[in-house]
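K.L.:
Residue numbers (my numbering), protein chains in the order written: chain Y, 545 to 811; chain C, 545 to 811; chain D, 545 to 811; chain V, 545 to 811.
Glycine included, C-beta positions come from ideal geometry on N, C-alpha and C.
What follows is a structure written as structure tokens; I'll ask about it next.
4 protein chains.
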Amino acid sequence: MTAGQPQYPTGLGTSDATTIRLLGHDLANDLMGQVGFGELAFWLAAQRRPSAGEVRLFETVLVALADHGFTPTAIAARLTLLSAPESIQGAMAAGLLGGGSRFLGVTEDTGRFLDEVITAAGDPLPATTEEWDALAGKALAERKATKRFVPGLGHPVHKERDPRTPVIIRIAREEGVYGPHLALFEALGRMAPEILGRTLPLNGAGVCGAALADLRLPTELLRGFALLARAAGLLGHLAEELRRPIAADIYHSVDRNARYVAGDAVG
Amino acid sequence: MTAGQPQYPTGLGTSDATTIRLLGHDLANDLMGQVGFGELAFWLAAQRRPSAGEVRLFETVLVALADHGFTPTAIAARLTLLSAPESIQGAMAAGLLGGGSRFLGVTEDTGRFLDEVITAAGDPLPATTEEWDALAGKALAERKATKRFVPGLGHPVHKERDPRTPVIIRIAREEGVYGPHLALFEALGRMAPEILGRTLPLNGAGVCGAALADLRLPTELLRGFALLARAAGLLGHLAEELRRPIAADIYHSVDRNARYVAGDAVG
Amino acid sequence: MTAGQPQYPTGLGTSDATTIRLLGHDLANDLMGQVGFGELAFWLAAQRRPSAGEVRLFETVLVALADHGFTPTAIAARLTLLSAPESIQGAMAAGLLGGGSRFLGVTEDTGRFLDEVITAAGDPLPATTEEWDALAGKALAERKATKRFVPGLGHPVHKERDPRTPVIIRIAREEGVYGPHLALFEALGRMAPEILGRTLPLNGAGVCGAALADLRLPTELLRGFALLARAAGLLGHLAEELRRPIAADIYHSVDRNARYVAGDAVG
Amino acid sequence: MTAGQPQYPTGLGTSDATTIRLLGHDLANDLMGQVGFGELAFWLAAQRRPSAGEVRLFETVLVALADHGFTPTAIAARLTLLSAPESIQGAMAAGLLGGGSRFLGVTEDTGRFLDEVITAAGDPLPATTEEWDALAGKALAERKATKRFVPGLGHPVHKERDPRTPVIIRIAREEGVYGPHLALFEALGRMAPEILGRTLPLNGAGVCGAALADLRLPTELLRGFALLARAAGLLGHLAEELRRPIAADIYHSVDRNARYVAGDAVG
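Structure below.
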């Protein structure tokens, strides 16, 4: 290292001629074959090695978020692979770029919302169901008064019950990592009929946000975990596109039904 | 479904109001909490559920490839997060776009090369070390004669021995998934001194390609698995950038040392 | 077109076996060689053909925004080309992904801010310098009271005067397209010392936002024009990287100065 | 600049507190309002200021390549804007990532092919139509013998004549920039019936590659110019999507017609 040059601290990876180190450990001797991929992903993001129970909940979340069929994300990835078959990294990146606010926002928005309510509530946290219900009711009323919707409540398709939600909650309890975010989230679901006048199911992607927050993963990163999960789903779509291609059909179905209509001029 | 409309077959995900199905299974009841994330990633890509041994080798490969410190990929991701902090999907995509031939090509190139040699050799495959050595020697001689380098042999830093390689080989044997690609790869390493006149270590990213090929994952997808692994590494870098930012320092170190020099005109 | 299928209206491009039409015109006979690239870009975005004066101001804006040296954007693009030289579209995309709020936000933020103030002021618009100053003073005072900074005022480097600003204003006047956004922007500059207690130069990227708004281009698209301009700049960087590469030096300067420091665990 | 630090030479942009310089010129005083956007794009890429005639041909090429309706590229960009409306740079990047070999390759492949034939032919270049025909005939015969197709000949839609081609050729002649690549390209078209046994129209995107090569722009960059052109087209699509959205319809038309079919397991 030369004097006067900037230095770049990192707690992640470094290597020399004989050793590759990652997170302060010897990659080959300590990590490979001994640490799972999900476990490593958690560890890389939190720079804290998760317990077995935390890993199980974390991987359950990733599995829940990995693939949702022909999302705009998956379609864009497949179209990009069709156009640029030589660059699988381009197709994967194009797919991930759709991981924004509209379809991948729930996980992050829910985690943040829960976190804000809990932080504002201060100490001590609610200890009983009634206390959680009170906090939830207050939060719902505030959102309603300011005409803002509540992240994590409701789902466009699963209008009664999102099948993913009870599984996340059960596993969190089983693994002893059920915490304030999940508690508040359940309370929001209980109080919604009374405060909002509607029964709204607890959104499965939303409960994932609550779970990640209870795993004490940073809220600014919640969307990143959804993206990691989605990367696995996209790889599945790209693999399928290589074997049973549909992107050309999608392209042609749009192109064939294009109809020229003079636009309204802007300005 | 409307008559006359194209239909889009998929073996991945579908859902209705009450159920989310993935790979023909009920996501909530059969997969979440019961299938690991690495296992699911394999299953999504191969549309075949891997055995426990296959999962172990697969996750070892992903762990081996997840992060290599301040690669151009990681630097680009961090610079993008600095410039567009509101879009973590942009930063992750920018990082993955560097996952191309120069730094992420070895895994894929090695897998493909081994596959070509094995396919060209036809049946029956070599059965003894001597037979593998003969096939390897022949392949090396052909590459040498046509002045092409051999993917997977050598490493710019680990000039004696890449520490990741023996671990991959050991785990493949332990899990009973050691196959022709790994066998050929080891033979190439044994024969290199004789045919190429140099000792070349078996590259760790290359042995990952051999392992993925022995897991019977498609060669066109090998880079995709490296990208999935790298997505976890990038998330770690982005997490670290949020806590201990260095991207602005990198930017300034370049900008401050820029020097105007008239370019050679092209054309 | 099949009955029951969705139809996709577009005012942009369609083609058949003998003709390619764009914006309702015959591309080959009416547009090629007769419409400039900047003119076409405006026309495609606004679906309205700009006058010669509008084109001149528009192209001046694009020229102003095309390149700012070794921005994080340019560095990321060059690093990506280094890593994936086979995909120039990946390198360009990676560069554009840095076109987010921090470095490319001023143009859009300024345009939006000016538009909000003008819209809120209603009819009739100010007609004299004094009236514009009054509106500007009021807007500045409101921002100050709510502790929000004013987009477009100030610059980290050009602390006295941004050299691009007077040129944009002059050309807008010359071409008869100087309008309310530019008028308000100049008034903000005049009133800043009095209301904010500081002299703040009118930011060059900000005045570009005012100019684009006075060209009646949609505010949601302002960043898109900056990205189009930046695409030309990035192409210049990629061309230069191919001839006089520096990305490997940047990569090594970071990698060489990496220092392992255990991270603060999160959570 | 600190001793021992790397230095980064650039012929593009630098700036200090009072001046912004680009390509060795004062941006505000010498370039803005005096240099067109297309002209600047050429200059940035070639680091050579083009003549007026070169600019006209160059901009004609960009106009020819800017938009082709609902390409997979445009569809992917629109789907990404739907999913991540907060990131126009993500939508534009996703669209550009489709600018790969299959739909954007012709321009580059044709330019490279012509360049290889011309380079191999050596000096002196053909001077008469007959000599060009002879060189073209030879090149076609070689491609035919090695069963490789000829870039730039033929078009999936415009089977008789691509309407863009004669315009490019005419403008190149008008501006005095018609050169060996265009001459060879026309000769290939004349000789195709005799050598290949088929009449193949000269592809419009292919003639753009010939024109860019005759403008002495580097062949490794040809796809980059197509991408710059396409960036303008994509901005038009994103603008139209904001006003007359269709991406949700495209998404639903795929999602609604998804049909679960167990995949063939791979491996």
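Closer than 7 Å, Cβ to Cβ, to anything on chain V: give me those residues from the segment 784-802 of chain D, in chain order.
P.N.:
From the segment 784-802 of chain D, only Glu784, Leu786, Arg788, Ile790, Asp793, Ser797 have a Cβ closer than 7 Å to chain V.
K.L.:
Measuring CA to CA, which of Y:Val607, Y:Gly643, Y:Ser645 is closest to Ile564 (chain C)?
P.N.:
The residue with the shortest Cα to Cα distance from Ile564 (chain C) is Y:Val607.
K.L.:
Count the other CB atoms within 10 Å of the CB of Ile725 (chain D); is the residue buried (16 or more) or exposed (fewer)?
P.N.:
Checking the sequence, you will find His at residue 725 (chain D) rather than Ile. Label assigned to His725 (chain D): buried.
K.L.:
Report yes if the CB atom of Gly643 (chain D) is closer than 8 Å to the CB atom of Thr617 (chain D), and no otherwise.
P.N.:
Against a cut-off of 8 Å, the Cβ pair of Thr617 (chain D) and Gly643 (chain D) comes out as a contact.
K.L.:
Alpha carbon to alpha carbon, what distance is there between Leu782 (chain D) and Asp659 (chain V)?
P.N.:
Cα-Cα distance, rounded: 21 Å.
K.L.:
If Leu766 (chain V) and Gly753 (chain V) are in contact, beta carbons under 8 Å, what's the gap, nearest whole angstrom?
P.N.:
Contact flag correct, Cβ pair sits at about 6 Å.
K.L.:
Identify the contact partners of Pro762 (chain V) in chain C, using a Cβ-Cβ distance below 7 Å as the criterion.
P.N.:
Correct list: Val810.
K.L.:
Determine whether the beta carbon atoms of Asp799 (chain V) and Phe614 (chain Y) lie at a separation below 8 Å.
P.N.:
Against a cut-off of 8 Å, the Cβ pair of Phe614 (chain Y) and Asp799 (chain V) comes out as a contact.
K.L.:
Would DSSP call Gly557 (chain V) helix, strand or coil?
P.N.:
Gly557 (chain V) falls in the strand class under three-state DSSP.
K.L.:
List the residues of chain C that Thr497 (chain D) touches, going by C-beta distances under 9 Å, in chain order.
P.N.:
Chain D is shown from 545 up to 811; residue 497 (chain D) falls before or after that span and cannot be answered.
K.L.:
Excluding five sequence neighbours on each side, which residues of the same chain lie with their C-beta closer than 6 Å to the C-beta of Ala628 (chain V)?
P.N.:
So the list reads Gly634, once near-sequence residues are dropped.
K.L.:
I'd like to know whether the C-beta of Gly577 (chain V) is nearer than 8 Å to at least one C-beta of chain D.
P.N.:
With 8 Å as the cut-off, Gly577 (chain V) counts as an interface residue toward chain D.
K.L.:
Alpha carbon to alpha carbon, how far is Leu584 (chain C) from Pro700 (chain C)?
P.N.:
Approximately 34 Å, taken between the alpha carbons.
K.L.:
Is there at least one Cβ from chain D nearer than 8 Å to Met545 (chain V)'s Cβ?
P.N.:
Unreliable positioning characterises Met545 (chain V) in this predicted model, as indicated by a pLDDT of 42, which lies under 50. A coordinate reading is not provided.
K.L.:
If the criterion is Cβ atoms closer than 8 Å, does the pair Pro670 (chain V) and Leu679 (chain V) meet it?
P.N.:
Contact: yes.
K.L.:
Just list the residues that DSSP pairs Arg803 (chain Y) with in beta bridges.
P.N.:
Note: Arg803 (chain Y) sits in a beta bridge opposite D:Pro553.
K.L.:
Would you report the Cα separation of Ile619 (chain D) and Glu704 (chain V), rounded to the nearest angstrom?
P.N.:
Cα-Cα distance, rounded: 45 Å.
K.L.:
Could you tell me the alpha carbon to alpha carbon distance between Glu630 (chain D) and Gly768 (chain V), rounded to whole angstroms?
P.N.:
Rounded to the nearest angstrom, the two C-alpha atoms are 12 Å apart.
K.L.:
Name, going along the chain, the residues of the segment 768-782 of chain Y whose beta-carbon falls closer than 8 Å to a beta-carbon of chain B.
P.N.:
Among the protein chains of the structure shown, namely Y, C, D and V, there is no chain B.
K.L.:
Return the first residue and the last residue of the beta strand (DSSP E) that Arg692 (chain C) is part of.
P.N.:
Neither: Arg692 (chain C) is in no beta strand (DSSP E) and is coded neither H nor E.
K.L.:
Beta-carbon of Gly568 (chain D) versus every beta-carbon of chain Y: anything under 8 Å?
P.N.:
Yes, Gly568 (chain D) counts as interfacial toward chain Y.
K.L.:
Step through the CB atoms of chain Y and report whether any lies within less than 8 Å of the CB of Lys831 (chain C).
P.N.:
The structure shown has nothing for residue 831 (chain C), since chain C only spans 545 to 811.
K.L.:
Pull up the CB-CB distance for Val661 (chain Y) and Leu740 (chain Y), whole angstroms please, since I reckon it's below 8 Å.
P.N.:
Going by Cβ atoms, the distance from Val661 (chain Y) to Leu740 (chain Y) rounds to 15 Å, so no, they are not a contact pair.
K.L.:
Do you know offhand how far Gly777 (chain V)'s Cα is from Ala610 (chain V)'s?
P.N.:
Spanning the two alpha carbons is a distance of roughly 5 Å.
K.L.:
Assign Glu784 (chain Y) to buried or exposed, taking buried as 16 or more other Cβ atoms, counted over all protein chains shown, within 10 Å of its Cβ.
P.N.:
The residue in question, Glu784 (chain Y), is buried, as its Cβ has 16 or more Cβ neighbours within 10 Å.
K.L.:
Kindly list the residues whose CB is nearer than 6 Å to the CB of Gly696 (chain D), restricted to its own chain and excluding five residues on each side of it in sequence; keep chain order.
P.N.:
Answer for Gly696 (chain D): Thr654, Asn747, Gly750, listed in chain order.
K.L.:
In angstroms, rounded to a whole number, what distance separates the CA positions of Ala664 (chain D) and Glu686 (chain D)?
P.N.:
One C-alpha to the other measures close to 13 Å.
K.L.:
Looking at C-alpha atoms only, which residue of Y:Asp706, Y:His796, Y:Asp808 is the closest neighbour of Asp560 (chain C)?
P.N.:
Answer by Cα proximity: Y:Asp706.
K.L.:
Indicate the three-state DSSP secondary structure (helix, strand or coil) for Arg565 (chain V) in the structure shown.
P.N.:
It is a strand residue.
K.L.:
Consult DSSP for Asp677 (chain C) and reduce its assignment to one of helix, strand or coil.
P.N.:
Three-state DSSP puts Asp677 (chain C) in a helix.
K.L.:
Please report whether the beta-carbon of Phe602 (chain Y) lies at a distance below 8 Å from any beta-carbon of chain V.
P.N.:
It does not: the Cβ of Phe602 (chain Y) has no partner Cβ on chain V nearer than 8 Å.
K.L.:
Return no unless some Cβ of chain Y is closer than 8 Å to the Cβ of Glu630 (chain V).
P.N.:
It does: the Cβ of Glu630 (chain V) has a partner Cβ on chain Y nearer than 8 Å.
K.L.:
Need the endpoints of the alpha helix (DSSP H) that Asp816 (chain Y) sits in, please.
P.N.:
This structure cannot settle anything about residue 816 (chain Y), because the visible part of chain Y is limited to 545 through 811.
K.L.:
Is the separation between the beta-carbon of Leu759 (chain Y) and that of Phe602 (chain Y) shorter than 8 Å?
P.N.:
Contact flag set, yes.
K.L.:
Which chain Y residues are close to Val599 (chain D), counting only those with a beta carbon under 9 Å from its beta carbon?
P.N.:
The premise fails here: Val599 (chain D) is roughly 14 Å from chain Y at the closest Cβ pair, so nothing lies under 9 Å.
K.L.:
Could you tell me which of Y:Thr558, Y:Trp587, Y:Arg787 sits nearest to Asp570 (chain Y), measuring between CA atoms?
P.N.:
Here the closest residue by C-alpha is Y:Thr558.
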